[in-house]
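All remarks here apply to the structure that follows.
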Amino acid sequence: MPRLTVAVERFPIAGAFTISRGSRTEAVVVVATLDEGGVRGRGECVPYARYGESVESVAAALEEQTGWIAGGGSRFDLADRMKPGAARNALDCALWDFEAKRTGRPAHELAGLSAPGPVTTAYTLSLGDPEAMEEAARNAAHRPLLKVKLGGEGDPERIAAVRRGAPDSRLIVDANEAWRAETIEQNLAACAAANVGLIEQPLPAGDDGLLAEIDRTIPICADESLHDRAGLDALAKRYDAINIKLDKAGGLTEALKLAHEARARGFEIMVGCMVGSSLAMAPAMLLAHHAAYVDLDGPLLLARDREPGLRYEGSTVYPPLPDLWG
């Protein structure tokens, strides 16, 4: 049976990554590794304080599974042992990778999916003042899809500034729960004026009932308001799309089921990520080929990625080779 080891790794961010809840200069990830007889499987997660996680708590949750893994635990039973979140994601993805390496069958085949192909990912612009965001947009204007982090007060000016800087790029805006009932109409109007294609999580999770009542011409995507399938019922009439992140769902296993059920309910799919290395992005590529929106730019925001990593050519990201994952 495989042996589970847990490691914490750090990757510097190119500059800083800033959203409405704060700023970071490095990505701190937790990696689960399974080893047996020369076969190795890995999975990476990014602990997220917004969901009550820390590096220490996630690493400890993984360490608790060493005996279970040594006793033959499998990804089919993992959801019964661990709650959705970053720790389960790392172990779930490591189990997928280990099985692929052990059997010689690629992960997409194990999942009953067609082979993934290259996709276009969004590129994220951090929150800043309008002048800084306009300059960042101008520097990224060659990219076809930009994701714009917003912060509440002053967002109409930020949206207009980004559109000036990148007049031809498609835009997604992500408020990270920073808008409020008294400002949402003004912000929606600014998005419409800038021809924004998607608005992500404008209102706080748990306080987003207003979305079912307002008129809108731009689709709205749930992020913090949805983690796994258990949360789908609450999204009816409020959201048009969902952002599936493996760290929220608790791994590829649940993410695949969530995507299937969400599509059946008429939701568009975005495949998103936390800021991590290519190892965290790789399993999500199995979902990305069938998503309306792809946001797997984590490695593009790093000063250095792990080696080997995913291949990026501009905003085109290619499926992982087996030496990385799957």
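Counting along the sequence shown from 1, when you hit position 176 you're at 176 in full-length UniProt numbering, and nothing is skipped either side.
Every residue gets a Cβ at the ideal spot worked out from N, C-alpha and C, and that includes glycine.
- Inter-residue distance for aspartate 305 and glutamate 185 is about 40 Å (C-alpha atoms, whole angstroms).
- DSSP, reduced to helix, strand and coil, places tyrosine 123 within a strand of the structure shown.
- The segment 256-296 is shown to contain whole alpha helix (DSSP H) runs of 4 or more residues at 278-281 and 285-288, in chain order.
- The residue among Ser54, Ala122 and Val148 with its C-alpha nearest the C-alpha of glycine 165 is Val148.
- Unbroken alpha helix (DSSP H) stretches of 4 residues or longer found wholly inside the segment 56-115: 66-70, 86-103 and 107-110, given in chain order.
- In the three-state scheme derived from DSSP, where H, G and I count as helix and E and B as strand, aspartate 35 is classed as strand.
- Distance from the CA of leucine 91 to the CA of arginine 216, rounded to the nearest whole angstrom, comes to 40 Å.
- Threonine 183 sits in coil when the DSSP states are folded into three classes, being neither helix nor strand.
- For alanine 282, the CB contacts under 7 Å within the same chain, skipping 5 residues up- and downstream, are Leu310, Pro320, Leu324, Trp325 and Gly326 in chain order.
- For cysteine 221, the CB contacts under 6 Å within the same chain, skipping 5 residues up- and downstream, are Leu198, Glu200, Ala241, Asn243 and Met270 in chain order.
- A check of alpha carbon separations from threonine 124 across Asp97, Pro118, Leu113 and Ser169 identifies Ser169 as the nearest.
- A contact between stretches requires three or more CB pairs, one per stretch, nearer than 8 Å, and the segment 157-164 meets this requirement with the segment 187-195.
- Ranked by Cα distance from threonine 253, the first of Tyr51, Arg50, Pro84 and Gly22 is Pro84.
- Residue range 145-149 is occupied by the beta strand (DSSP E) that includes lysine 149.
- By the criterion of at least three beta-carbon pairs nearer than 8 Å, the segment 111-129 is in contact with the segment 3-20.
- For a cut-off of 8 Å, the C-beta gap from alanine 280 to glycine 251 is around 12 Å, too long to register as a contact.
- For isoleucine 218, the closest C-alpha among the options Leu302, Glu268, Arg180 and Leu258 is that of Glu268.
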